[in-house]
Every structure is written in structure tokens, then in C-alpha cells.
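**Q** Residue numbers (the numbering used here): 200 to 877.
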Amino acid sequence: SKHQEQKEAFLKACTLARRTAETFLKYANRSLQFYHVNSTTVNSESRVKSILEKLLAQETQVLEYWTQRKKRLDQCQQFVLFERSAKQAIEWIHDTGEAYLSSRKNKLCSSREESELLLREHNEFKSTAKETRERVKLLIQLADTLVEKGHAHASSIKQWVATVDYRYKDFSQRMELYRSNLEKSLGLPGIIQQQDDNNLSSSNSSNNSSNSSLNASRSISSVNSSSGISSAGSYPSVITVGGGVSPVPGAGMGGDGGSGPCSTSSGTGTTGSSSGGSVLEYRHSDPSLETKLNAAAAGSGAVGAVQKEINEEKRKSARKKEFIMAELLQTERTYVKDLETCINVFLRELKSGHQVPPNLLGKEHILFANIEDIFQFHEKIFLRELEKYETMPEDVGHCFVTWATKFDMYVHYCQNKPQSMDYMVQHGGTYFEEVQRKHKLEHSLPAYLIKPVQRITKYQLLLKDLQSCCDEGQGEIKDGLEVMLNVPKKANDVMHLSLLEQCDMPIENLGDVVLQDSFLVWDTKQILIKKGRERHVFLFELYILFSKEVKDTNGTVKYIYKNKLLTSDFGVTEHIEGDECKFAIWTGRAPILSDIRIVLKANSLETKQLWVKRMREVMQETYFSGTSFSLLKSPAKVSGKNLGQRLSKDIDDTLNDNDQDGSSLASFGSGNTTDSEK
Numbered sequence: 200s201k202h203q204e205q206k207e208a209f210l211k212a213c214t215l216a217r218r219t220a221e222t223f224l225k226y227a228n229r230s231l232q233f234y235h236v237n238s239t240t241v242n243s244e245s246r247v248k249s250i251l252e253k254l255l256a257q258e259t260q261v262l263e264y265w266t267q268r269k270k271r272l273d274q275c276q277q278f279v280l281f282e283r284s285a286k287q288a289i290e291w292i293h294d295t296g297e298a299y300l301s302s303r304k305n306k307l308c309s310s311r312e313e314s315e316l317l318l319r320e321h322n323e324f325k326s327t328a329k330e331t332r333e334r335v336k337l338l339i340q341l342a343d344t345l346v347e348k349g350h351a352h353a354s355s356i357k358q359w360v361a362t363v364d365y366r367y368k369d370f371s372q373r374m375e376l377y378r379s380n381l382e383k384s385l386g387l388p389g390i391i392q393q394q395d396d397n398n399l400s401s402s403n404s405s406n407n408s409s410n411s412s413l414n415a416s417r418s419i420s421s422v423n424s425s426s427g428i429s430s431a432g433s434y435p436s437v438i439t440v441g442g443g444v445s446p447v448p449g450a451g452m453g454g455d456g457g458s459g460p461c462s463t464s465s466g467t468g469t470t471g472s473s474s475g476g477s478v479l480e481y482r483h484s485d486p487s488l489e490t491k492l493n494a495a496a497a498g499s500g501a502v503g504a505v506q507k508e509i510n511e512e513k514r515k516s517a518r519k520k521e522f523i524m525a526e527l528l529q530t531e532r533t534y535v536k537d538l539e540t541c542i543n544v545f546l547r548e549l550k551s552g553h554q555v556p557p558n559l560l561g562k563e564h565i566l567f568a569n570i571e572d573i574f575q576f577h578e579k580i581f582l583r584e585l586e587k588y589e590t591m592p593e594d595v596g597h598c599f600v601t602w603a604t605k606f607d608m609y610v611h612y613c614q615n616k617p618q619s620m621d622y623m624v625q626h627g628g629t630y631f632e633e634v635q636r637k638h639k640l641e642h643s644l645p646a647y648l649i650k651p652v653q654r655i656t657k658y659q660l661l662l663k664d665l666q667s668c669c670d671e672g673q674g675e676i677k678d679g680l681e682v683m684l685n686v687p688k689k690a691n692d693v694m695h696l697s698l699l700e701q702c703d704m705p706i707e708n709l710g711d712v713v714l715q716d717s718f719l720v721w722d723t724k725q726i727l728i729k730k731g732r733e734r735h736v737f738l739f740e741l742y743i744l745f746s747k748e749v750k751d752t753n754g755t756v757k758y759i760y761k762n763k764l765l766t767s768d769f770g771v772t773e774h775i776e777g778d779e780c781k782f783a784i785w786t787g788r789a790p791i792l793s794d795i796r797i798v799l800k801a802n803s804l805e806t807k808q809l810w811v812k813r814m815r816e817v818m819q820e821t822y823f824s825g826t827s828f829s830l831l832k833s834p835a836k837v838s839g840k841n842l843g844q845r846l847s848k849d850i851d852d853t854l855n856d857n858d859q860d861g862s863s864l865a866s867f868g869s870g871n872t873t874d875s876e877k
């Protein structure tokens with residue numbers, strides 16, 4: 200809809216502004232690593248951060264206001280559709296039902312055969328009237344759900360349902376009176392079969408009222424998600440009946456009594472009565488209400504069948520989104536309570552120092568890391584933000600994108616998790632088990648400490664499910680999922696980066712880690728050597744860095760720095776003949792004339808394609824951002840010749856290992872290599 204499109208455009212614009220500001224701050228901070236801080240720079244950063252805070256506050260206000268207006272709009276749409284269907288039901292009674300009774304009002308039966316014929320015609324007509332009877336029944340049940348939900352048009356809905364209920368009862372009773380007279384003329388027992396029609400008012404009185412809330416949500420979902428109760432129905436969209444339909448019981452509903460067709464005098468039909476104030480008090484919705492209502496609205500024929508199928512798919516999709524969102528909120532509340540229990544019991548007991556083993560004293564930061572920060576974020580911010588999207592699950596991805604930077608605290612938590620578990624096993628003993636028994640907790644401390652890791656995985660699963668039932672490009676579900684997928688990736692990257700040693704410059708000056716993985720690597724002279732070197736490679740925003748994996752006497756893995764290249768100074772050759780998993784990076788004007796050329800072999804084609812794609816993105820970003828390393832390295836200018844000499848020296852010095860293939864990397868300056876390997 201127009202309103203939905205405008206809201207999505209607004210949210211995406213907020214995301215764009217936020218990401219632009221984050222990019223500005225990133226490059227501003229990077230520049231400050233190489234230049235002196237001045238008041239102008241600090242003031243600019245402060246202004247950007249202030250604008251971001253203002254943007255978040257105004258965005259929240261807009262979303263709250265939009266949600267209120269959307270609820271009002273949905274209720275208005277529900278009432279319009281409900282009113283239209285009520286008018287259509289009354290129109291059928293007036294144009295078809297009353298016309299049928301009027302045509303047989305004073306008709307005399309001359310023979311038994313004619314009476315039998317009239318009775319058969321009556322039974323056939325009653326079968327055709329069954330659809331209207333079912334629609335009236337569903338309308339009354341739908342009205343019940345809307346009123347129970349505190350609908351803004353509850354009083355008008357009550358009036359309309361009383362009108363339809365009254366009008367149909369009156370018509371039904373005169374129909375049965377006509378049938379009774381026919382049966383009497385044939386000598387049959389005059390049994391008035393009103394059970395089905397009486398069920399219109401009383402069949403649900405024995406239902407368990409506890410099901411009302413569930414059925415209410417289904418009924419409202421039916422109206423809200425479908426294109427209209429009668430948009431493709433078999434009835435025309437009639438607004439007036441006999442000069443106007445009044446939603447007041449008894450107004451314009453007077454009808455001639457259903458006289459016996461085989462009698463010489465007419466009788467007055469009994470008219471049912473209904474109270475507008477109490478007509479809804481004893482009705483409960485049917486679990487299959489939305490399906491039946493959509494089926495009744497769809498009508499018959501090919502167009503009706505297609506519309507019915509579309510409405511059914513929309514209904515299923517809307518219900519699935521509601522269930523996923525409900526699960527997200529429910530599990531988030533449970534998660535917050537679990538974190539609170541962990542902190543108030545285990546962490547508090549440890550901080551108290553009472554009967555705490557000496558090796559555990561003061562080790563809260565090792566065992567619990569930053570779990571308190573995670574709890575504060577979820578309790579005071581994220582849970583409340585998620586609740587704002589309860590009625591618009593397709594937009595909940597924006598919530599994850601907005602607070603993406605806060606989830607970086609999980610990176611530290613995940614990185615610390617192995618150390619926490621090892622320390623607990625070595626020094627915890629039975630202390631935490633005793634604390635668990637003391638407070639009668641269901642779960643152990645390890646079960647609580649793993650919950651933050653499990654929560655990230657749960658977010659991923661729920662967002663994937665939500666993405667599957669949303670239209671492509673709708674909302675920011677995909678972006679939110681990417682935020683959650685990046686959390687464990689960042690944690691893994693940081694863990695590997697912490698193993699890097701002997702780097703010739705501060706790690707923070709390399710830029711953010713983009714990718715890291717292990718490769719087989721060949722230099723220019725090694726092209727004809729089948730066996731490559733195993734290297735662990737880090738792709739940063741500013742550098743690609745090569746390291747060698749080693750193990751110390753304790754079996755601990757470390758990465759020893761070997762060399763690095765600037766992302767702004769090399770190109771990429773994606774395809775190497777003879778092996779689909781190989782690619783090459785080179786410096787200079789062209790691959791064949793390159794000063795330095797390194798061939799890498801990934802462990803799979805997918806890994807190679809990912810690296811080539813991300814390297815090109817980094818190179819492009821570096822180029823267009825204007826952050827050439829020669830400018831960032833120092834305020835002094837660095838000539839291209841000196842830069843080339845420095846790079847060559849780095850490679851010659853650091854990759855000349857004293858092992859079986861240690862002498863092959865001194866020839867990176869050779870430019871006689873092609874992209875073919877025989």
C-alpha cells in the first residue's frame with residue numbers, strides 16, 4: 200500500500216543516513232591515527248554524533264505515530280469491509296429471498312403433484328440460500344472478535360450485526376412457515392426445521408470462552424490480510440437496499456408474512472426479535488472462520504478460485520509472520536530473564552566473596568566477560584525496540600540494523616567464551632553447583648553462559664524464517680540478517696587476529712578485518728613448483744597480510760607475520776588456467792608486467808569467489824574514498840619509487856624462510872609470468 204511504501208522508504212532513508220555517518224566517523228578516526236587532532240575535527244565528529252542521536256529520537260517518534268495511525272486505518276478498513284458484506288447479505292435477502300416468498304404468497308395448489316413440485320422447488324431454493332446463511336453466521340462471529348479486541352467502530356458493528364441477525368431470522372422463519380404449510384397440504388407432519396438457522400445465534404454458546412482470543416486474532420487477520428471480504432464475491436457491491444439500508448434493528452425490514460401457499464387466506468409470519476446490545480454476548484468465533492469467510496467472499500468460477508487461492512496464501516503468510524514475531528518477542532523476554540538470573544545469582548555470589556575458592560576471587564571478567572553490558576542493552580533498549588514492531592514484523596529487520604553497533608559487544612563475549620569455560624573447569628570445582636542448589640535453579644552456570652551465543656543463532660533462524668514469508672525487497676529483513684550473521688564472523692576474525700605476532704605496525708592501523716582464511720601460496724619463482732606454502736591470510740580494509748601458522752611447545756597456535764601489501768596498490772586476476780580454485784594478486788600496471796605476483800589457492804571455489812569479490816570491493820572503496828596509504832602513512836610525501844622499493848624489501852626479507860622452499864620468494868620483481876599453468 201501507499202502508506203507501507205512510504206514507511207519503508209523512510210526507514211531505508213534513516214538507515215542510509217546512519218551508515219553514511221558511520222562511514223564518515225570511521226574515516227575521520229582513521230585519519231586521526233596519522234594526523235594531529237585539532238578542534239575542527241573533534242567538533243565535526245561531535246556534530247555528526249549529535250545528529251545521529253537526534254535522528255534516532257525523531258525516528259522513534261515517527262514510528263510510534265505511524266503505528267497508531269496504521270491501527271486506526273486498519274480498523275477503518277475492517278469496518279468498511281464488514282459493512283459492505285453486511286449490506287450484501289441484506290441485499291440478497293431483499294432481492295432474492297423476499298422475491299421468492301412474494302411470488303408464492305397467495306399461490307393456490309390445485310393438485311398434490313403441484314404441491315410436491317413446489318416443495319421440491321422450495322428445497323432447491325433453500326440449498327442456494329445456504330451460502331447466505333453461512334456468510335451471516337461468519338459475519339456475526341467476526342463481529343464478536345472485532346468487538347472483543349476493542350475495535351474503534353464497535354458500536355456500529357453491533358448495530359450492523361443486530362440488523363443482519365434480525366433480518367435473516369425474520370426471513371428464515373417465514374421460509375419455514377411456508378415449508379410447513381406445503382407439508383401440511385401433502386399430509387406430512389408439520390415439522391418446522393429451524394435447527395440450522397437457530398444455530399446462527401446459539402450454536403456457539405457451548406464453546407469454551409478461552410478460545411475466543413485465539414479465534415479473534417485469526418478473524419482480524421483474515422480481514423486485514425485479504426484484499427477485501429467481498430472484492431471478488433458473487434454479490435455486487437450494493438450500498439442501498441430499497442432506498443437505503445439502516446443499521447438499526449427493525450428499520451426498513453418489514454416483510455409480508457409467509458402465508459401458506461395452499462390455503463385460501465394469508466397468515467402473518469412470526470417475526471424474530473433481537474437486542475442490539477446483547478446479540479454478541481454469547482457468541483464465540485469459529486477456528487475456521489477466516490478460511491470460510493474468504494471462501495464465501497471469493498465466489499465461484501475461475502476468477503473466484505484464483506482470488507480464493509491468493510487470499511489463502513496471503514492469510515498463511517500473514518499468520519506465519521505473526522507467529523514468528525510472537526516467538527521473537529517471547530524468547531527475547533525469556534532471554535532477558537535468564538541473563539538477569541545469571542547475574543543476580545552466580546555473578547553476585549562470586550562478587551560477594553563468601554566461601555569463594557581463592558582461584559576464583561576477582562576473576563569475574565574472565566568467567567562472565569561483559570554479560571552485564573549485554574543484559575543492560577537487551578533489558579533497557581532492544582526488547583523495548585522489538586516490541587514496537589509487534590504489528591509490523593516485516594520491518595523488524597530495521598531494528599537490528601539500527602542497533603547493529605551494539606551487537607559488537609557479543610564479539611568480545613564470544614571471543615572470551617573458550618577462556619571462560621577453560622578457567623571454570625580448572626578452578627571452579629563444585630562451587631557453582633553448590634550455588635545452583637542453594638538458589639534452586641533449573642540450569643547450571645555453563646547453561647546460562649552459553650545463552651548469549653545461542654541467542655545470536657536464534658536471531659539468525661527467526662530472521663531467515665521471516666525473510667521466507669516476506670516479499671523480496673520488503674523491509675530490511677535481509678540487512679538485519681546480515682548484521683546477525685556478521686556477529687559470529689567478527690568474533691572468529693578477532694580470535695584469529697589475536698594470534699598474530701610480530702607485525703611491523705599497530706594492528707588498529709591495518710583497518711577492519713574483512714576476511715581471513717588459510718591458502719596455499721606461490722610467488723613468481725614458485726609458479727613451476729607444484730607444492731605451495733601454507734599461509735594464513737588476512738584481508739583488511741587497507742592491507743592484505745600474509746602470516747605463517749606455527750605451534751609452540753604447548754601446542755598453542757600462533758600466526759607469525761611474514762609480509763603485507765596495500766589494497767590500493769594491487770590488482771586481482773580471478774581465473775588461473777588449470778585450477779578453478781586459484782587466483783592471483785599483482786602490483787604494477789598489468790598482470791604480465793607486474794613487479795610482484797602472488798598466486799593463491801583456496802580450499803573451495805566458493806571461498807575463492809568470495810575473496811575475489813570482497814577484494815575488489817575493498818579496492819574500489821579505497822580508491823573512491825581517497826584514502827591512499829601514501830597519504831595516511833605520514834604527512835610527508837612518499838614517492839612511488841620508494842614505495843616499490845619498500846614493498847620489494849618487505850617481501851624479500853619476510854618470506855625468505857629457512858625451509859624446503861625458502862629461496863623462491865626473492866624474485867617477486869619478475870614480470871614474465873602468465874595466467875596459464877601447465
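For glycine and all other residues, C-beta sits at the position ideal for the given N, C-alpha and C. Just so you know, these numbers come straight off a predicted model, no measurement behind them.
For Gln372, report the span of its alpha helix (DSSP H) as first-last.
**A** 353–384
**Q** Can you give me the C-alpha to C-alpha distance between Tyr658 and Phe599, rounded to a whole angstrom?
**A** 10 Å
**Q** So Thr772 is in the alpha helix (DSSP H); what residue range does that whole segment cover?
**A** No alpha helix (DSSP H) contains Thr772, which is instead part of the beta strand (DSSP E) from 769–772.
**Q** Under 7 Å, do Leu262 and Lys637 count as touching if we go by C-beta distance?
**A** no
**Q** Give me the residue from Trp265, Tyr647, Gly386 with the minimum Cα distance to Ser314.
**A** Gly386
**Q** Which runs of the alpha helix (DSSP H) at least 4 residues long sit entirely within the segment 641–721? Give them in chain order.
**A** 644–648, 650–667, 676–696
**Q** Which partner residues does Thr786 have in the DSSP bridge list?
**A** Phe769, Ile795
**Q** Taking just the CA atoms, how far does Asn543 sit from Thr743?
**A** A small correction: the amino acid at residue 743 is Ile; Thr does not occupy that position in the sequence shown. Rounded to the nearest angstrom, the two C-alpha atoms are 45 Å apart.
**Q** Among residues of its own chain, excluding the 5 on either side of Ile573, which ones have a beta-carbon nearer than 8 Å to its beta-carbon?
**A** Leu538, Met608, Tyr609, Tyr612, Pro651
**Q** Enumerate in chain order the residues of its own chain whose CB-to-CB distance from Val634 is below 7 Å, with the five nearest sequence positions on each side excluded.
**A** Once the five neighbours on either side are set aside, the close Cβ partners of Val634 are Val544, Phe545, Glu548.
**Q** CA-CA distance, Lys663 and Arg815?
**A** 28 Å
**Q** Do the CB positions of Ala285 and Val346 come within less than 7 Å of each other?
**A** no
**Q** Just curious, the alpha helix (DSSP H) that Phe737 is in, first and last residue?
**A** Here Phe737 belongs to no alpha helix (DSSP H); instead the beta strand (DSSP E) covers 732–739.
**Q** To the nearest angstrom, how far is the alpha carbon of Phe737 from that of Ser551?
**A** 43 Å
**Q** Do you know how far the Cα of Ala568 is from the Cα of Ile356?
**A** If you take the alpha carbons of Ile356 and Ala568, they lie about 57 Å apart.
**Q** Do the segment 248–267 and the segment 202–216 meet, that is, are 3 or more Cβ pairs less than 8 Å apart?
**A** yes
**Q** I'd like the list of long-range same chain contacts for Lys201, defined as Cβ closer than 7 Å, with 5 residues on each side in sequence excluded.
**A** So the list is empty, once near-sequence residues are dropped.
**Q** Out of Glu323, Trp291, Gln358, which has the shortest C-alpha to C-alpha gap to Thr331?
**A** Here the closest residue by C-alpha is Trp291.
**Q** Per DSSP, Asp778 is paired with what?
**A** Ile775
**Q** Verify whether the separation of the beta carbon atoms of Glu531 and Leu582 is less than 7 Å.
**A** At the C-beta level, Glu531 and Leu582 come within 7 Å of one another.
**Q** Is Glu740 near Cys669, with beta carbons less than 7 Å apart?
**A** no
**Q** Thinking just about the alpha-carbon of each residue, which of Ala603, Leu660, Pro705, Val595 is nearest to the one in Lys206?
**A** Val595
**Q** Quick check on Val749: does DSSP put it in helix, strand or coil?
**A** Of the three classes helix, strand and coil, the one that applies to Val749 here is strand, per DSSP.
**Q** Work out the CA separation of Asp343 and Ser354 for me, nearest whole Å.
**A** 12 Å
**Q** Could you name the residues that DSSP lists as bridge partners for Ile759?
**A** Under DSSP, Ile759 takes part in a beta bridge, and its partners are Glu700, Lys747.
**Q** What does the alpha-carbon distance come out to for the pair Gln673 and Arg268?
**A** One C-alpha to the other measures close to 20 Å.
**Q** Determine the closest residue to Ser667 out of Glu320, Ile523, Gln819, Gln276, with distance taken between C-alpha atoms.
**A** Ile523
**Q** Could you tell me if Leu272 is buried or exposed, where buried requires 16 or more neighbouring beta carbons within 10 angstroms of its beta carbon?
**A** exposed
**Q** What residue range is occupied by the uninterrupted alpha helix (DSSP H) comprising Tyr622?
**A** 608–626
**Q** Can you give the Cα-Cα distance for Leu764 and Leu709, rounded to whole angstroms?
**A** 11 Å
**Q** Are the segment 681–691 and the segment 750–770 touching, with three or more C-beta to C-beta distances below 8 Å?
**A** Remark: fewer than three beta-carbon pairs, one from each stretch, lie closer than 8 Å, so the segment 681–691 and the segment 750–770 are not flagged as touching.
**Q** If I measure Cβ to Cβ from Phe278 and keep anything under 6 Å in the same chain, skipping five residues before and after, which residues do I get?
**A** His352
**Q** Given that a residue counts as buried once 16 or more other Cβ atoms are within 10 Å of its Cβ, and exposed if not, what is Ala835?
**A** Because Ala835 carries a pLDDT of 40, less than 50, the predicted location of this residue cannot be relied on, and the following value inherits that uncertainty. Classification for Ala835: exposed.
**Q** Among the residues of its own chain, which have a CB less than 6 Å from the CB of Gln274, if the five just before and after it don't count?
**A** His350, Ala351
**Q** Is the Cβ-Cβ distance between Ile649 and Glu700 less than 7 Å?
**A** Contact: no.
**Q** In terms of residues, what are the limits of the alpha helix (DSSP H) holding Ser326?
**A** 311–327 is the extent of the alpha helix (DSSP H) around Ser326.
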